[in-house]
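Asks: Would you mind keeping the following structure in view while I ask a few things?
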């Protein structure tokens, strides 16, 4: 089930609060040093810490970011906001019936990253980044060939994760376009301890998200 209007409003207020924090953080930074942009791309996601086998699926993400330099250093603070999909494909047995389908969870994902941009290569700008993320659940379901099963009431509303990655930019081609590879891993469990969406089923739930993402970015 998609979250209610009230819950989505709460998430929106959280994002506004985040933007205000970013604004106060960057008061002492010259306006021309702060950059903004959009990012989007593919996720290859699956679950780990599970007692049954899961296979990766391809999903998407799209969002925005801002980059705030930390003084005259190669470090910067980079908060982001994404619409983000996680999931996996799996098979399990319940009451002598084999179920094959896809778990999918949609989030608003908010990474808070520390970035490091070494001045090493003149023709290829590099940026390394790492940090935590907080994800707010939008919807959760398990899809078989004949039906979708709503899992929102069995799924935790907030997921905590950790991520890291590398961004590349070729100034000779474009200073605005970047290519990025990142790896993210959930630290908190996805589903509640009472997870059980089939009557009389006693299978273990997939516990945590993990993903490799390839993104294209555009800086204004």
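In the numbering used here, the protein residues as written are 13 to 232. Note that beta-carbon positions come from the ideal geometry of N, C-alpha and C, so glycine has one too.
Is residue 165 helix, strand or coil when you go by DSSP?
Replies: helix
Asks: Would residue 97 be called buried (16 or more neighbouring beta carbons within 10 Å of its own) or exposed?
Replies: buried
Asks: Where does residue 213 sit, in a helix, a strand or coil, going by DSSP?
Replies: Here the model assigns residue 213 a pLDDT of 48, short of 50, so the residue's position is not dependable, and the following value carries that caveat. Correct three-state label for residue 213: coil.
Asks: In terms of alpha-carbon separation, which member of 134, 230, 147 lies closest to residue 183?
Replies: 134
Asks: Taking a contact to mean a Cβ-Cβ separation below 8 Å, would you say residue 180 touches residue 136 in this structure?
Replies: yes
Asks: Leaving aside the five residues before and after residue 1 along the sequence, list all residues of the same chain whose C-beta is less than 7 Å from its C-beta, in chain order.
Replies: Any question about residue 1 goes unanswered here, given that the chain covers just 13 to 232.
Asks: For a test of the three-state rule: what should DSSP assign to residue 45, helix, strand or coil?
Replies: Look at residue 45 here: in three-state DSSP terms it is helix.
Asks: Quick check on this structure: which residue in 222, 77, 66, 112 has the alpha carbon closest to the alpha carbon of residue 228?
Replies: 77
Asks: Any idea what DSSP makes of residue 223, helix, strand or coil?
Replies: The answer is strand: DSSP assigns residue 223 an E or B state.
Asks: To the nearest whole angstrom, what separates the beta carbons of residue 124 and residue 143, a pair I think is in contact under 8 Å?
Replies: 5 Å
Asks: Whole angstroms are fine: how far does the CA of residue 171 sit from the CA of residue 203?
Replies: 10 Å
Asks: Please report how far the alpha carbon of residue 187 lies from the alpha carbon of residue 223, in whole angstroms.
Replies: 27 Å
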